[in-house]
Each structure stands twice: as C-alpha cells, then as structure tokens.
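Going line by line, the protein sequences match chains A and B. So for the first sequence, the UniProt record's numbering puts the first residue at 1; every next one is plus one. So for the second sequence, the UniProt record's numbering puts the first residue at 1; every next one is plus one. For glycine and all other residues, C-beta sits at the position ideal for the given N, C-alpha and C. Quick notes on the structure that follows.
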Amino acid sequence: AASPRAKMAAAEQRAARAVPPGYTALEVKFGARQRSPHCLLVKEHRVREGPGDTHPPQRTLFVLNVPPYCGPDELSRLFSRCGAVQTVDVSDKPGPGGTAGPRSSKFFTGKAATGFRVAYVVFRKPAGVQAAKALSQEGPLLISTESHPVKTGVSKWIARYAESVVNQEELKAEVDAFMQDYDKKIAEEEAKAAKEEGVPDEEGWVKVTRKGRKPGLPRTEAANLRVLEREKRKRARKELLNFYAWQHRETKREHIAQLRKKFEEDKQRIALMRAQRKFRPY
Amino acid sequence: FKEPAEAAEAEEVEEGPQTPQRGAARGRKRKAPAPAPALQPVKLSRAELYKPPTSEELNQLKETEDLFHSSLLRLQIEELLREVTLKETKKKKIDAFLHEINSLLSAIPEIPETDIIDQTWLSRGVKVPFLQVPFNVKGKFRFLPPAELSVVGSYLLGTCIKPEINVDVAVTMPREIFQDKDNLNQRYHRKRALYLAHIAQCFSKENLFGSVKFAYMNSNHLKPILLLRPRGKDEKLVAVRLHACPAPGFFKPSRFYPSKNNVRTAWFLEQSTPKEGAPEPPTPHYNNSVLCDTMLLSHLHFLSSVSTDFPGMKDGVALLKVWLNQRQLSKGLGCFNGFLISMVVAYLLTKRKIVKMMSGYQVLRNVLQFLATTDLSVTGISLAKDTDASLPALADFHQAFEVVFVDPSGLVNLCADMTASKYHQVQFEAKRSMEILDDRMVDGFQALLMTSKPMLRTFDHVFHLKHVSKLQSACRKMQLLSELMDQGGNYVAAALPFIVSLLTRGLAGRALLVAHSLPQTPEWLIDAEPPKHKDIGSLTFGLLFVPEFAASALEKGPQADCPEATDFRTFWGEKSELRRFQDGTICEAVVWQASTVCQKRLIPEQIVRHLLKLHADIPESSICYTGALLESVIKSGKEALGTGEEDMVNVVCSYDDLSRKLWNLEGLPLTVTAVQGVHPALRYTDVFPPIPMKPIYSFHNQIKNKQLLLPSEQKPCPAYIAPLKIICHMEGSGRWPQDKEAIKRIKAAFHLQLAELLQQQHQFICRPAVTHIDVYKDGYVFRLQVAYHREPLILKEVVTPEGMLKYQDTEESKQLELETLHRPNLNSSLHGLQQQHPVFGSTCRLAKRWVRAQLLSDNISEECVDLLVASLFLHPAPFMPPSSPQVGFLRFLNLLSTFDWKNSPLIVNLNADLTDAECTEIKNKFVAARSRLPVMFIATPKDKWNSVWTQERPSAQILQRLLVLASESVRTLEEQLMDPLSNQDVKVV
C-alpha cells in the first residue's frame, strides 16, 4: 500500500518540476472520482504594448492548458471563489485579437477551437489574481460538481444537436441587419466615388475607374498577362519565318537538337529502369 | 522521397512473395541496395545540342523516328533482349557440357534382345517413364548405342531465352531396334521410353550430372524425355533434353496419315478377339506424335535455312517468346511454344509477309498481325511447297484436329494438341496487343512484354475442376472411347476440347472468351513412377464477359415448332421451358433465378454448373467457382441479400427527383444553374450506402416550439442517417455582393429561403442552418449547400502594394474549390463511368473496404481511391476492362503495388478528354517539378497539374506502407483463389 502512495508523490513532484518559470500550477480534476489531477498553469497577465481595455494587466489571470471540457462558464465558476469574475475569454492561441470587442454575430463565427486552449480570466479586483495563485496550495479543484455537472456522452451530444438547430427568425433578422449595413456602406462608397469622378486631385491627376464614359482596364494580374499575350501574338504574326536562308538552317538544327534531347532523355530513363531491374520480364 | 533504410526494407519485403530460388539468385547479385535514383530533367549543354551531326547519327535518329513510335521503345526492346538472351561465356560452358554428354552416350553398353514387357534388365533405381496401360504388348527390345546425335531446336537457332534454357538433343535409335509392326499399339513409344530409361540408368551413376530426371515433352505423356543438368553452380543454367527418335526412313509416312488407325480397339480394351466388322477409328494424335519424332531433324534444317541472313528473326522470336510466356501460353499440353512461333515466322517469310531485312520489332508486329487476323481452327495453313496429291489435304487435317498448321513435309500437324479455345485465346491476345501497339497513349512495351497476365487477373470469373479424375466419367458420358485411344488413355486431353466447346456454346453471347489452363506435369526423378493423368492437379477455366449480356437472366431459344427446338431442349435439359414472349411468339427459353445484381453476376456460374452436371457428369462439389467470393464484405444489412447496389440506385433516383424539384422551384430571386452531388453514394462508390430510415417517434422527445425531435436519453440511440451532400449552384448576378462576409450572409439567406420554398411547394421537412440545409426526403437526408461560382475567386483576391489585383491560393479558397468545383466534377465523371462499366462501383467499394480494413482510410482520400480504380477501367491494357468486382480488386492491388509512383504520374483520362500531346506535357512537367509534387500524383483532364486529391495525403511513409500491404494482400489472395482444395477464407480484408 505504501508503494502507490510513494509513486503518486513522485508523480506530483515531477509535475511540480515540469511547471515553466513564472507560472503556478493549479490542480484540477474532472470529477470526484478521477484519481490523477490535471494541471492548469496560471500567471498574472502582462503585456508590453500598453494596457488593453479587455485584459487589464493587474486584474487579469492568464491560464494555459485549459482542457477541452472546461468552457468559460466552468472557469468562471472555478475562480469565483477568489473574487468576483468579470469576464472569461477562451481562445486557441494567446494574443489580444479575436476575442476583442463584443461578439459580432451569434451565427457567423469561425470554427470553435478544439483541444487544449488558453484563457484570460478578468477579475473585478486585482486581489482575485493573487487569490487564484494561492489556490495551488489547496487540493485539486473539481470542474464537474453535482450542482453544476459537465455534460458528457449521449447527453452532451443531444445538447449539441439541440444547439445546432438554428432559430430561423433570428438568423433572418441578423442577416437582414447585416445586409442593410453592407448596402449602406457600399452606397456610401459609390456616392463618394461618383463625387470624385473626373475631379483632378491637387497634383492634377484624374482617377480612372471602371465606371464613367471611358472605363480603363481593370488592374488585375490576369488582365496584364492578357495584354502581354496579345502583344506577343501580334508580333509573331508580322514576322516571316522562311525568309532568310539562316532561318531555314536554324529550324533544321533545332529539329535535330530536339531529337537529340529526346534521345538523351530516353537514354536516361532506360538507365534508370535498368538500375531498377525493370527489364526482367519475369 | 523515402528514407534509404526504409526503401531497402520495403524492397526486401517485396522480394518475399517471389520464388525463393529467384530471390536467392538476385540476392547474391545485389550487395548494397542503394535507394533508386529519381528521374532528373535532362540538361544538355548548348554546344552539345547544336554540334553538327554525323551522317551515322542522322540515320539512327531518323530510323527511330520512322520505325518506332519513339526511341524509348527501341531502347527498351534492346535492353529486354540483352536481358533474356544467353551470354557467350555461358554458351561455351554449355557446349563443353554437350561434348561430354556426346562421348558418354556412345559408350553406353548394349543389352540383348528381350520382350518389351520383360523389363527385368532395368535396375530398381529406374522406373520406366511411361504409363504402360494396358501393360501387355508384343515386340522385342534391345539397346544399341545411338546411331546419331544432334542438337536441335532453339539453342542452335539462337532463339532460346532465359530463364529456362533448354538444349534439345535428338538421339537417333538405330534401325536394328525396330521391328515391322512397331507403328501399332504404342510399341514404338514403349521402346522409346525403354531406350531413355536405359540411358538414364547409365547416366545416374555419372558424376557429371547434377540431376537426371524425366519429364514429358510439352506434358504429352506419350513423349517422355530425359533431362540432364550439369553438376555444380551451373545446375540452374541449363537443362539438356534428350529426345529419342527413330532411324530416318524406317516408318512409312503413309501409315500415319490422319485418317489411319494405329491403335487397335481390342488391344486397348484388352479383349482377346477383335470384334468383327466394326471399323477401327482413326488415331490422328497418335500418328502425329510418331511423325513428329521422325521430322525433328528436317525441321531443324528448315528453320536454320530460314534464319540464315535474318538477324531480325532471332530477336523477333525471342520477343514473341517473352510475349507468350507473359500470357502463360507457352507451357503445358497443347501450348503455343517457341518452336511453333519460329514456324509461323518461317511461314510468313515464305508468304513474303516478312522479309529478311526486318528488325525484331517488325517481326513481332507482323506475326501478331497475322495471328490476330487468321483463324487456324477454320482455315489451316501449310508450309508444304508443292502439292503432292498423295499427301493428305488440309481438309483431312481439319477433320482430325481442331487447329491446323502443317509442316514443310506436309505430314505433321504442328498444332495437333492445341484446342480451338487455346488458339482463340492466342488470337484474342494478338488482337488486343495490336490495338495496344497502335494506341499512342499506352506504353506498349510495358503492356505487351513486361506485364504478366495470370489467369486470375485476366479473366472475370475463374473456376477450377478440383479433381480431374472426374473427367473419366465425363469421357464415359460423352462416349469418347476413340479419342481416349487416340490420346493413349489421357482422359484430360480427350475430354477437354469437348468440355470447352460445351461451355462456349452455353455461354455464347455472354462470354467473349472461354479459356482453360494448360495441363502441366512436373518433371520427376528417375526412381519415381511416372505421374498419372490425375497428377496435373486441378484444371482452371477462365471466362471473359461481354458486360452487356453476361448477367441477362433469360436465354431465348428458337420457336417451339422449329426443328432446332429439340436441339435446344436436349442441350439445356430440364431448364428449358416454353414461354410466350411479348411479341406473341412462343419460344423455348431458359430463365435463371436471380433477384439482385450480385446474384445476376453469378448466372454464368449457374450455367457452368448446370451444363457440366448435365452433359459431363461432373458433380457440383468438384467445381470450385471463384467469382464473387469477395463480395460478402460489401454486403450490408441484416438480411445481406444484395451487395448494396440496388440501395445506391434508390439513392440516386431520390436525388434526381430532388434536383428536378430544385430546378423548378418557384419564387427564388436567382435561378438555380446546376445541382451536383458530391457524396460518394451519388457516384455509386460508397462502401455502405445509406438505407432509408424513418424516425421512431417513441425514442424522441418532441419540442413543439422548434418543431424538433430530440433523441431521448433513456431510450436506445436512434439510427444514424448519413447526410448526402449536394451542391446547388446559383446564377451569377450583379446583385451578389463582392465581399466574403457578405456572401456568407447571402448564402445563409438563400438557405432559409430554399428551406421555406421546399417546405411550401413539396412538403419536405427541412432544417436550415448557416452553411447548409438538411432536407429529409424518402428516408434520406440530403444536405444542400448553396454555392456562388465567384466565391473562390473573391477569397483569393489580394491587392499588391502597387494596387494590382492578384489571385493567390489560400487555405479557405482551396477548400471551397475542392468542395464546389473539383468534387462535383469528379462525381459526374465517375457517374458516367459507372454507366459504361456496371461493376465500377462495386470494385471501388471493395478497394475502399480494403483500405479501411488496413486502418489507412484517414491517410488516403476516398476520391484518390476512386480515381485509382477508374484508371483500371479507362486504361486496362494489356487486359480488358474488368467485368467482375473480384478481378477489378485484384488489379487495383496490383496497380498500387507495382506502379512507379516516384517517376511517373498516373494519368486518368476521364471522358478521354486528354490528347496524346497533353499527356506527354503532363509527364514532362512532372519530371521537371517532381520534388515539389505530392508523392502520389494523379492527373485528370480537369486537374492536370495539381493532383488535388493527393495533395495532403498520403504521406511518403503511408504510401510505402500501403504498397507493401497491397503486394502482400494480392499474393495471399491469389494463392487462396488459385488453390481450390483449401477452404477459402478471404481474410485479407
């Protein structure tokens, strides 16, 4: 009976040693029945470039190694014992972008990250961060408790399926709103372009657009290539190929060179096949 | 491309399946297996390319351009010939060996005259190499040293090729050995066998030989020969074959005309007194076997006169021999051997179809052309120059033999043992080969000379006769006594032509070709009894189908009142019945019971079993039919009646209906321009197609306000219905926004609207989401996705700092293109392929099932497997497109394991949209950019340069693993399928 305990102690030590400098390891467990804990790595959030408004440095706890079954709700519940939690942001990579700003759309979001993630937990007061770091002294925290169970298995799938069914009216309303904004934006841009058309800027240049009386070429790569190609063809049409004696000689020479090249290629291929013993019929 | 260590290991594993003997021989030569180098684009310096040509070089370049399609073919043929022909140093060794044999032979002691049946002089260590049935025969035998010894056959002509070098030596027995009536009742053959037995007895004590064995010449049991191999490391090099032949001029040729009898019925049946009055049947095969021996020398002289000043003949015959060997036509009883080929060349030379100036390649072409266009079983040919009235006419030969090719003397039929079916197979192969040679898209060299065509991979269905001894009763049933006498009691040879013609008639219309394997007897030690007729093991038959008719359930016969009706009735027996047809006629007909597609494919099996039982008394238990053994693994469902092909058709029907309804949908702001399926079930290649399902209401909780059925936690899990994805292209219009976020919104709006309209106009249950709509119809769920053709372009747009608009592939755009452009295209092409080749889908499914069973389905895309299988159907050379899933699957494994993925792209010419020039361009670009391209490169007409389906997977390591697994699987599977006696367990999958 002693040896498993010793082993466990050793494992704990190893876990403690594996913690990168600057981080504090918090042990969490999925439920009470699990034996071995999982480590969340937490640190006070610090960034060099000025204080962001979403993750204020003093009040924010940066969490690494967040397991997939642990969402924002679970995290905020976990850390609520250290002080009131203001927001929790979970993303697949650390960084300021992505989660900044209020969520723009309920439906049109990118793919949800899978696997282990990072999280920013913003407390209302700076004391929360210190309290959270102190949690490492206590025993493992439970993510799924009886009062707030994390759904697993069939019930999780059923819940996910129910979630995947979209509310048609809501979706329609959102799309309509977005498109109205978009149309407005486009209309504004067009109005602006129409106003500027034909009006020289301060150096006297007039901007040529696709609209108006003399539409210019579109500035795309494909269009450029097409122009070059047309030029080339025009030149080729004008050129006489069988005019001078040297041209005649040249084509003959070219033909022989082609044959030679092909012959060399074939020879090389044969040599390779011979090396691979491709000529043994059986 | 692959790690050197891994490559070496893979090579060793691949060596495994080959015969150990060859593996050892190779192993010695190859010391350090270096990783094979890859092709590099050729770089010639300018000076070298443009230097003034010599006249010799000009000639050579011109010649290759004119005579061969490319210089590659010429070089390849040269290499091949170098590989198979005998080297000078070896020749010297063989010559020395022959000299020693010569001196030994003349020193053999005589034995005094005894009766033939008194064989006490023979020591115990040697058994007579002849099946002496019946044993009693009159006549005396004595041994005298040979009157003459001469080397005959391919060794002298220089046309013998590796790997089996045989030197034929004719040993002329002196005249004194023979007596007057030796032409009768196998007396000559017995004497011949005793003569060889005595030689064997003396030689077995000599130190010179590594082995002294007997064998049958071309497995003809009337003709034993003595095989001598040198001692030491040259043992594998050469086998000297001693043929005993009679003194020239001893036998009168007229006694052996095809219509003459030389085996008396009374003797054969061991009756004491001959029956009076009954005419003796002719014994053409027996006669021919004696005549052959008398002509050995003159044939040699004839061929050597032909081959003088004709260097192309040597090469041509060598190539043709390789061609025959690859098709398993050159060994066994009634084979098309090298001697026959030389004779064909000689014939064409006398007819001036070939001239002595021709090269080996031209000889090959001309001989194939001749074989393809001439049916020797109908119009025989003769090498005899002047027509002597006393000689038998061609018609006489046709009466006696199935295939006729008469030698220069006008007496011997060179194709005596060949069955008509075998010749038709040769003819068929020649025809196919000519097509391949003329087709510039195919690598003719590879297909003709380097690919072996074992029966299992050639024929759609293969079946074995497990116990050939059952043919004895077949002979009795078919009353083949005279044939038995003629063949010296060999019931296999006697019954085979009849059985094959029976099958050919029964399968007429369904089968393109009914072929049989050639009975082969192995060589045996001199102290062993000669092998019996039943020792040839099992006899294998192969059927090649006409895909349109192979599976028809009805065999319509003549009208009931026709005279042919009785014939039809006797042929089909009880199965034949009168039926009234839709046009009012009443006909004899046979109807076969088959309800599903896979059962229909097995109708030929029913026919074969029925006919053999009815006419040849062969019980069903001794027929082992391997046509659909593999199909059990793609059967689905509990009842497992069909192989899911009907399910697939139902899915496609339902989808067609849906797409029609989408087209005609009213009230959409933009019209639908195309509806394309992308799910594999919609191109018939899904391993287990979805089966229509109805939800069981009691398993769900209803949620009223969302019109939703939610599975209930306490109840059993509801069945999973795989959604079938469909892409619905909308018309392009100026009203589409040009911004990717906005397009997403518009698409979502379309989904909502489509769902609403489908619900209103057709009462389908629809569930819209942001990226798709699920439509529940006929028990299937279709997942509809709206696409806008400019969306991938908009995703690609990048504005350079100069303000230039550029298109650049991004992850997102690639994914979208794959989904909305490539996959629908592939789907429609493969859907078309399935219409042409009905077994394409099932083959694909078998292949995918195999990949999944090897746990590699995550590492290779489904589309990639589909394309690999498609290539088997589109480029079958040298085979025919498969007409059964089994043969298709075997070829799939073979393709996977033998294709040179490193140095060549696999071009799948869907719809034949690629031209010759485009293929060459693809190959050239492939070589130039090899290192940047995926390890497995598959080009199609719509995707020439990118190989989209193999971009990400498989990786080099996985591909290597796949190849090893494929070569092992194909070996195991073929062993199982070829061995009729063991119980077959298709456990590879």
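*Any 3 or more C-beta pairs closer than 8 Å across the region 253-262 of chain B and the region 283-302 of chain B*: yes
*Measure the C-alpha to C-alpha separation of P531(B) and Y491(B) and round it to an integer number of angstroms.*
14 Å
*asked:* How far does the alpha helix (DSSP H) with T54(B) in it extend, from its first residue to its last?
replied: Neither: T54(B) is in no alpha helix (DSSP H) and is coded neither H nor E.
*Cα separation between Q208(B) and E529(B)?*
Note that residue 208(B) corresponds to Leu in the displayed sequence, not to Gln. About 24 Å.
_For L237(B) and A25(B), the rounded distance between their alpha carbons_ = Residue confidence for A25(B) is low, a pLDDT of 39 falling below 50, so the modelled location carries little weight and cannot support an answer.
*Using DSSP bridges, identify the partner residues of P165(B).*
A small correction: the amino acid at residue 165(B) is Ile; Pro does not occupy that position in the sequence shown. According to DSSP, which records beta bridges pairwise, I165(B) is partnered with V238(B).
*asked:* For M295(B), would you say it is in contact with chain A, using Cβ-to-Cβ distances shorter than 9 Å as the test?
replied: no
_C-beta contact flag for H822(B) and V948(B) at 9 Å_ = yes
*Check Y244(A) in the structure and name its three-state DSSP category.*
coil
*Is H198(B) helix, strand or coil by DSSP?*
helix
*Close beta carbons around T504(B), own chain, < 8 Å, minus the five adjacent residues each side*: S421, A511 and V514
*Extent of the continuous beta strand (DSSP E) run through D115(B)*: I111 to D115
*Partners in chain A for residue 1017(B), counting only beta-carbon separations shorter than 8 Å*: Coverage of chain B is limited to positions 1 through 989, which leaves residue 1017(B) absent and any answer about it impossible.
*For residue 1024(B), which residues in chain A fall below 8 Å Cβ to Cβ?*
Here chain B has residues from 1 to 989 only, and residue 1024(B) is not among them.
*Ordered along the chain, which non-local residues of its own chain (more than five positions away) have a Cβ less than 6 Å from that of M273(A)?*
none
_Please return the same chain residues whose Cβ sits closer than 6 Å to the Cβ of Q676(B), not counting the five positions on each side in sequence._
I727 and P824
*Which of the three DSSP states, helix, strand or coil, is assigned to P20(A)?*
coil
_Beta carbon proximity, V970(B) to chain A, threshold 9 Å_ = no
_Does T19(B) pass the burial test, meaning 16 or more other C-beta atoms within 10 Å, or should it be called exposed?_
Caution is warranted here: a pLDDT of 38 is assigned to T19(B), below 50, making its placement in the model unreliable, and no coordinate value can be reported.
*Report yes if the C-beta distance between V175(A) and L752(B) is below 9 Å; otherwise report no.*
yes
_Counting beta carbon pairs with one atom in the region 845-865 of chain B and one in the region 962-973 of chain B, are three or more of them shorter than 8 Å?_
yes
*How would you write the range of the alpha helix (DSSP H) that V263(B) sits in, first residue to last?*
From DSSP, V263(B) is part of no alpha helix (DSSP H); its letter is neither H nor E.
*Find the nearest neighbour of D979(B) within the set Q714(B), S342(B), K466(B) and L194(B), judged by alpha-carbon distance.*
K466(B)
*beta strand (DSSP E) runs contained entirely in the region 395-421 of chain B, provided each spans 3 or more residues*: none
*asked:* Using a 10 Å radius around the Cβ and a threshold of 16 neighbouring Cβ atoms, would you call H201(B) buried or exposed?
replied: One detail in the question is off: residue 201(B) reads as Gln in this sequence, not His. Label assigned to Q201(B): buried.
*Residue-level contact to chain A via CB, residue 991(B), 9 Å cutoff*: Past the boundaries of the shown model lies residue 991(B); chain B is included only from 1 to 989, so the question cannot be answered.
*Listed in chain order, which residues of the region 159-170 of chain A have Cβ atoms closer than 8 Å to some Cβ of chain B?*
Y161, A162, S164, V165, V166, N167 and Q168
*Residues bridged to I794(B) by DSSP?*
BP columns for I794(B) are empty, so no partner.
_Test item: CB-CB of L144(B) and I177(B) under 9 Å_ = yes
*asked:* Please list the terminal residues of the continuous alpha helix (DSSP H) segment that includes V500(B).
replied: Y491 to G506
*In terms of DSSP beta bridges, what is F123(A) paired with?*
V85(A)
_Less than 6 Å between C-beta atoms, sequence neighbours within five positions excluded: which residues of the same chain meet that for A271(A)?_
none
*At what residues does the alpha helix (DSSP H) containing E577(B) begin and finish?*
Not the alpha helix (DSSP H): E577(B) falls in the beta strand (DSSP E), residues S576 to R580.
*asked:* Which of the three DSSP states is assigned to S345(B) in this structure?
replied: The sequence given here places Val at residue 345(B); Ser does not occur at that position. DSSP places V345(B) in helix when its eight states are reduced to three.
*Could you check what DSSP says for G23(B) in three-state terms: helix, strand or coil?*
Caution applies to G23(B), whose pLDDT of 39 falls short of 50 and renders its modelled position unreliable; the value that the coordinates give is listed next. G23(B): helix per DSSP, three-state reduction.
*S884(B) and R601(B) look like a contact to me (Cβ under 8 Å); what is the Cβ gap, rounded to whole Å?*
6 Å
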